[in-house]
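In the numbering used here, the protein residues as written are 14 to 159.
We put the beta carbon where it would ideally sit given N, CA and C, even for glycine.
None of the values given here were measured: they were computed from a predicted structure.
Written below as structure tokens is the structure these notes are about.
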Amino acid sequence: MRTRFAVIFFCVLISSQFVYSQGVFTFCKNVDDNVYPVEPVSEISAGESVYFHFSNEIAVGIEGGNNITVGWVIHSVGEDGTDSGFINEYFTYFEPGNRRFCITEPFCFPAPGKYRVYAINWDDRQLNYHPGNFKKYYAKNEITVK
Numbered sequence: 014m015r016t017r018f019a020v021i022f023f024c025v026l027i028s029s030q031f032v033y034s035q036g037v038f039t040f041c042k043n044v045d046d047n048v049y050p051v052e053p054v055s056e057i058s059a060g061e062s063v064y065f066h067f068s069n070e071i072a073v074g075i076e077g078g079n080n081i082t083v084g085w086v087i088h089s090v091g092e093d094g095t096d097s098g099f100i101n102e103y104f105t106y107f108e109p110g111n112r113r114f115c116i117t118e119p120f121c122f123p124a125p126g127k128y129r130v131y132a133i134n135w136d137d138r139q140l141n142y143h144p145g146n147f148k149k150y151y152a153k154n155e156i157t158v159k
């Protein structure tokens, strides 16, 4: 019985197909036709637009399966380094089996400050209350807006 349980447990772990927090998040001026970031940035001026991009070595989802919904959650970063204020959230649909993802329209940060953006599974988003500080995300990065 224990062996059967161990085999089932192991199969479930293997079939999860994705390890969170392993992606590389990039802010960039543009994205090329092959979904690679163009002109990566870490600091921009207020009112300037950037694309959110993340890539992963492991494909997200199972090819031929259901579409993937990636959420892009934006928080301001407080002086203590934690998420201090919810700014906005967006989602984008993708076909499964991809390793590179980006938003379809650039995002404009209107006010100076430091911001953190998470790329998450849309089903893992925080509803009604947005404390931030996600533990389960595909990738995250910070940008400074002057």
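With 16 or more other Cβ atoms from the protein chains shown falling within 10 Å of its own Cβ, Y64 counts as buried. Nearest Cα to F99 within the set S68, F147, C41: F147. With contact defined as three or more Cβ pairs closer than 8 angstroms, the region 55-73 and the region 117-126 are in contact. The C-beta separation of D96 from R129 comes to about 6 angstroms, placing the pair in contact by the 8 angstroms criterion. Around the CB of R112, fewer than 16 other CB atoms lie within 10 Å, so the residue is classed as exposed.
Of all alpha-carbon atoms in T16, I156, R17, the one lying nearest the alpha-carbon of V90 is that of I156. Here the C-alpha atom of G84 lies approximately 14 angstroms from the C-alpha atom of N154.
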